[in-house]
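Q: I am attaching a structure below and will ask some questions about it afterwards.
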Amino acid sequence: MTESTGQPTQPNRRRRLAPVAASAAVVLALSAAGVAVAPTGGTSLPSHAEPASPTPPTEAAGPLIAMADLLVSAPADATTGRYHYTQIEQWSRGDDQIIGFLIETWRTNDGATTKSEKRVPGQPARSFDMAQIGVRQVFDAITPVSSSLSAGEVESFVERHGPPSGNPVVLASAISSDNGGPLLATECPPACDVTLRPIVFFDAITSLYRETYLDRAARAALLRLLAVQPGVAFLGEVTDRGGRKAVEVAVAEGGGRFCLLFDRDTGVLLASERSVPGYVLDDYSLYHLLERRDLSPAST
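Numbers -38 to -1, 1 to 262, taken from mature numbering (1 follows the signal peptide of the UniProt record, and there is no 0), label the letters of the sequence shown in order.
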């Protein structure tokens, strides 16, 4: 089976597809950094991205390292299985149109990949209605198209480096080598510089989440790396377009901006957004499910 056309582009190599006290402490740490933190539980949040407070951007290092120090396990950390399963909603601009995708992917450690994709027809990019992002009913009437790639066609992160490391030095080396940067040889705990432009590093983070599962230690290491990158702004608490509470970081380059939204408690990537001048958006992705599964696509 061959891949369907018009899919969001992913980076390729061979072919790369791409406790209570602790919770209180992280609230205090984030509040000390100037971030308004809403109480957890109880109150529902609007299903569109909006700041939780008018807090101005701050340097990312302090809040992100505080998060990394106090991460809790995500529900998916308890999942097991041979497949890295992802369900991602992605809205991407192609020329003057924005196309919506709902993509389910089953990927094994050797790179073999099965994908099921629903695609919404293109809409004018300059007048695109952002309110439809995160509305799952948009995809209900669309028949999915399936595709697959064998292990011989796709090179996986796990093949190249093993599972994502909880050691920031090791993780930094893997990310740098995969994205054109020299390997890092000097230890620099508790965080390391990555020899990539920050906007390239942001893109590498989204690719890593698509390609393999990151456990709590790996997520903490990634936040530590992100904390020390130049030009990264911490924007505080927001709500993603799926209605989930998140903390947002951003980097700007060439008039555009790239934002990443992470779960405040678990550090899991919830959403990413790229914007460019002249358009409502360039790309917005919601990471609905990131987990491990034993069931094959045919069994679901």
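Glycine included, every Cβ here is placed at the ideal spot set by N, Cα and C.
This structure is a prediction, so every number in the text was calculated from the model and none was measured.
Can you list, in chain order, the residues of its chain with a C-beta nearer than 7 Å to that of residue 72? Leave out the 5 residues immediately preceding and following it.
A: Along the sequence shown, one-based indexing puts residue 72 at 110. So the list reads 113, 118, 121, once near-sequence residues are dropped.
Q: Using only the alpha-carbon positions, how far apart do residue -33 and residue 229 sit?
A: Stepping through the sequence shown from its first residue, residue -33 is reached at position 6. Stepping through the sequence shown from its first residue, residue 229 is reached at position 267. Residue confidence for residue -33 is low, a pLDDT of 47 falling below 50, so the modelled location carries little weight; the figure read from the coordinates is stated next. So the two alpha carbons sit approximately 31 Å from each other.
Q: Is the CB-CB distance between residue 213 and residue 194 below 8 Å?
A: Sequence index remark: in the sequence shown, residue 213 carries index 251 (1-based). Sequence index remark: in the sequence shown, residue 194 carries index 232 (1-based). In this structure, residue 194 lies closer than 8 Å to residue 213 by Cβ.
Q: Based on the DSSP secondary-structure assignment, which residues constitute the bridge partners of residue 208?
A: The residue given as residue 208 occupies position 246 in the sequence shown. DSSP lists 200 as partners of residue 208.
Q: Helix, strand or coil for residue 57, going by three-state DSSP, please let me know.
A: Residue mapping note: residue 57 aligns to position 95 of the sequence shown, counting from 1. Correct three-state label for residue 57: coil.
Q: Suppose contacts are defined by Cβ-Cβ distances below 8 Å. Is residue 95 in contact with residue 241 by that definition?
A: Along the sequence shown, one-based indexing puts residue 95 at 133. Along the sequence shown, one-based indexing puts residue 241 at 279. No. Outside cutoff.
Q: Tell whether a beta-carbon distance below 8 Å holds between residue 267 and residue 209.
A: Only positions -38 to 262 of the chain appear in the structure, and residue 267 is not among them; the question remains open.
Q: Grab me the residues of residue 219's own chain with a C-beta within less than 6 Å of its C-beta, minus the 5 sequence neighbours each way, in chain order.
A: Counting from 1 along the sequence shown, the entry for residue 219 is found at position 257. Closer than 6 Å at the Cβ level, and outside the excluded window around residue 219, lie 212, 237.
Q: Apart from the five residues just before and just after residue 253, which ones in its own chain have a Cβ nearer than 6 Å to its Cβ?
A: Here residue 253 refers to the residue found at position 291 when the sequence shown is read from its first residue. For residue 253, where only same-chain residues beyond five positions count, the Cβ hits under 6 Å are 38, 41, 47.
Q: If you draw a straight line from the C-alpha of residue 31 to the C-alpha of residue 85, how long is it?
A: For this step, residue 31 is matched to residue 69 along the sequence shown. For this step, residue 85 is matched to residue 123 along the sequence shown. Their Cα atoms are separated by approximately 43 Å.
Q: At the level of alpha carbons, what is the spacing between residue 56 and residue 108?
A: For the purposes of this step, residue 56 is taken as residue 94 along the sequence shown, with counting starting at 1. For the purposes of this step, residue 108 is taken as residue 146 along the sequence shown, with counting starting at 1. Going by the C-alpha atoms only, they are around 22 Å apart.
Q: So within the region 80 to 126, which uninterrupted beta strand (DSSP E) runs reach at least 3 residues, ignoring any that extend past its ends?
A: 107 to 111
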